[in-house]
Structures are given as C-alpha cells and as structure tokens.
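Participant: First residue of the sequence shown? That's 0 in numbering that gives the first Met the number 0, and the numbers climb one at a time after it.
Heads up, the beta-carbon is just placed ideally off N, CA and C, and yes, glycines get one too.
Computed from a prediction, not measured in an experiment: that's the story for all the values here.
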Amino acid sequence: MCGIVGFTGRQQAAPILLEGLEKLEYRGYDSAGLAVRNDEKKVNVVKAKGRLKALAAKTNDGKALAGTCGIGHTRWATHGEPSTVNAHPHVSNDSSVAVVHNGIIENYIELREKLTKKGYQFVSQTDTEVVAHLIHYYYNGNPLETITKVMTRITGAYALGILFKDRPGEIYAVRKDSPLIVGHADDGNFIASDVPAILEYTRDVY
Ligand code: GLU
Numbered sequence: 000m001c002g003i004v005g006f007t008g009r010q011q012a013a014p015i016l017l018e019g020l021e022k023l024e025y026r027g028y029d030s031a032g033l034a035v036r037n038d039e040k041k042v043n044v045v046k047a048k049g050r051l052k053a054l055a056a057k058t059n060d061g062k063a064l065a066g067t068c069g070i071g072h073t074r075w076a077t078h079g080e081p082s083t084v085n086a087h088p089h090v091s092n093d094s095s096v097a098v099v100h101n102g103i104i105e106n107y108i109e110l111r112e113k114l115t116k117k118g119y120q121f122v123s124q125t126d127t128e129v130v131a132h133l134i135h136y137y138y139n140g141n142p143l144e145t146i147t148k149v150m151t152r153i154t155g156a157y158a159l160g161i162l163f164k165d166r167p168g169e170i171y172a173v174r175k176d177s178p179l180i181v182g183h184a185d186d187g188n189f190i191a192s193d194v195p196a197i198l199e200y201t202r203d204v205y
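Structure representation (structure tokens):
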C-alpha cells in the first residue's frame with residue numbers, strides 16, 4: 000500500500016504534497032511523483048525512483064513546481080518494475096489527463112490491447128496507465144460522467160486522483176476497495192490515502 004495526496008487552494012501545492020507524502024511513508028513505496036498546475040497553464044509532472052528526498056531534490060523541495068493545484072503519489076509497484084517511467088502520475092498522450100492510482104486494475108491487459116488498436120501509445124508497464132488513456136478516450140467535457148463511465152469499464156481495486164487540463168483548480172477522485180479521504184480547510188481542499196497526510200491542515204475529513 001502506498002500513498003496519494005492532492006491539494007487545490009490558495010497555497011503552492013507541491014510543498015504541501017511532498018510533506019503529505021512524507022507522512023504516508025510508513026505505508027512503504029519504491030518511487031514517487033507529482034503533477035502540479037496553475038490556472039490555465041499546462042500540468043507539469045516530475046517523478047523519481049527511490050526515496051521522496053530524490054523527488055524533493057528534483058523539485059527544489061517543491062519550489063520549482065509552481066501551481067496551486069496538484070496530485071502526488073508514492074508507488075508500491077504491482078505491475079512493472081520500480082522506475083521513473085513507471086512512477087505515477089501517468090498522463091494521456093496529449094497530457095490533458097493526469098492520474099495517480101493506488102491499487103490494481105485487474106483487466107488492464109484487455110483494455111491496453113483495445114486502446115492500442117485505437118492508436119493510444121503506452122509508455123509504461125503499469126496497469127494504471129490504461130486509466131489515463133481510457134479517461135481521455137471517453138472524455139466528453141464532463142469529468143463526472145466520464146469517470147462514471149470509466150468505472151464501468153475497469154475492474155479491481157482503486158483510489159484515483161485525476162486532473163483534467165480544461166478544469167483548472169479542480170481535482171477529481173474516486174475509490175473502490177482502496178482507501179481515500181477528502182479534507183476541507185479554509186485555504187483549500189485535499190484528498191489523501193490516510194488522515195496523517197493532511198492532519199496539519201484540517202480535521203474536517205470525510
Ligand atoms: N498498480 C499500480 C502500479 O503498479 C499502483 C500501485 C500502487 O498502489 O502504488 O503502478
């Protein structure tokens with residue numbers, strides 16, 4: 000089991016995400032990554048194999064990744080070796096969708112074959128990458144409808160944090176059989192795999 004943290008609000012997201020992921024280190028992980036965005040600007044993704052301090056070093060403790068909305072992940076590899084390319088977030092080919100995932104997508108081989116036939120290019124060995132491409136495939140401008148549709152196509156256990164390029168300031172999250180909480184604070188809102196990640200900011204959690 001590994002970790003997800005997401006933040007959207009008034010502060011810079013990357014330092015909050017790194018701090019939150021550190022609090023989830025007890026869950027174990029082999030790599031980590033962040034996707035952060037500002038307003039209409041594109042989503043920036045940075046990933047690193049190994050400890051969180053490698054990711055912190057790559058991003059100058061998060062300061063090099065500007066933006067007030069983002070998702071972070073620590074990975075415990077189930078499909079594909081621990082590596083930078085297999086680390087999350089995973090993105091659609093046009094980078095319009097970014098996804099972090101805890102859990103396992105059981106029918107990913109079948110979905111990967113179908114999506115490959117439709118022209119999607121896979122860059123990682125993970126089960127998770129199908130989710131980014133599948134969301135892109137079904138995206139109709141309505142994230143909730145799209146995610147609901149995707150949930151009918153994927154089987155397994157998952158907690159997902161999702162950014163859409165055309166939805167600045169918004170994080171979408173869904174879970175099935177994997178833990179995920181939502182936290183509310185005056186300066187912003189959170190998602191996380193577990194309470195310690197966001198306890199410093201809020202106790203208003205559901
Ligand atoms: N199954 C996914 C992977 O191997 C997610 C693993 C996790 O929960 O960290 O990338």
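In the region 167-191, which residue ranges form an unbroken beta strand (DSSP E) of at least 3 residues, counting only runs that do not cross its ends?
Facilitator: Segments of the beta strand (DSSP E) lying fully in the region 167-191: 171-175, 180-184 and 187-191.
Participant: If you follow the beta strand (DSSP E) that T7 is part of, which residue opens it and which one closes it?
Facilitator: G2 to G8
Participant: DSSP three-state call for A76: helix, strand or coil?
Facilitator: In the structure shown, A76 sits in coil (DSSP, three-state: anything other than H, G, I, E or B).
Participant: Could you round the C-beta distance between H87 and G32 to whole angstroms and report it? I think they count as a contact, below 8 Å.
Facilitator: 5 Å
Participant: Count the CB pairs spanning the region 140-147 and the region 124-131 that are closer than 8 Å, and state whether there are at least three.
Facilitator: In short, these stretches do not touch, since the Cβ pair count stays below three.
Participant: Residues in the same chain with beta-carbon distance under 6 Å from P178, minus the five sequence neighbours each way, listed in chain order, please.
Facilitator: Excluding its 5 nearest sequence neighbours in each direction, P178 has C-beta neighbours in its own chain below 6 Å: S192, listed in chain order.
Participant: Check whether the Cβ of I197 lies closer than 7 Å to any heavy atom of the ligand GLU, and answer yes or no.
Facilitator: no
Participant: With N106 and I70 assumed to form a contact (beta carbons below 8 Å), what rounded beta-carbon distance in angstroms separates them?
Facilitator: About 24 Å separates the two Cβ atoms, so there is no contact after all.
Participant: Which class does G19 belong to by DSSP, given the choice of helix, strand or coil?
Facilitator: helix
Participant: Measure the CB-CB distance between L162 and V42 and report whether it falls below 8 Å.
Facilitator: yes
Participant: Can you round the beta-carbon distance between G182 and I170 to whole angstroms, since I take them to be within the 8 Å contact cut?
Facilitator: Not quite, the Cβ-Cβ distance comes to about 12 Å (not below 8 Å), so this is no contact.
Participant: Can the beta-carbon of G13 be found closer than 8 Å to that of G79?
Facilitator: Reading off the sequence shown, one finds Ala at residue 13, where the question assumed Gly. No. Outside cutoff.
Participant: Could you check which residue in V130, V98, G102 and H100 has the C-alpha nearest to that of K113?
Facilitator: V130
Participant: Would you call R202 buried or exposed, if buried means 16 or more other Cβ atoms sit within 10 Å of its Cβ?
Facilitator: Burial call: exposed.
Participant: Compare the C-alpha of S95 against each of V173, D165 and V44 and name the closest.
Facilitator: D165
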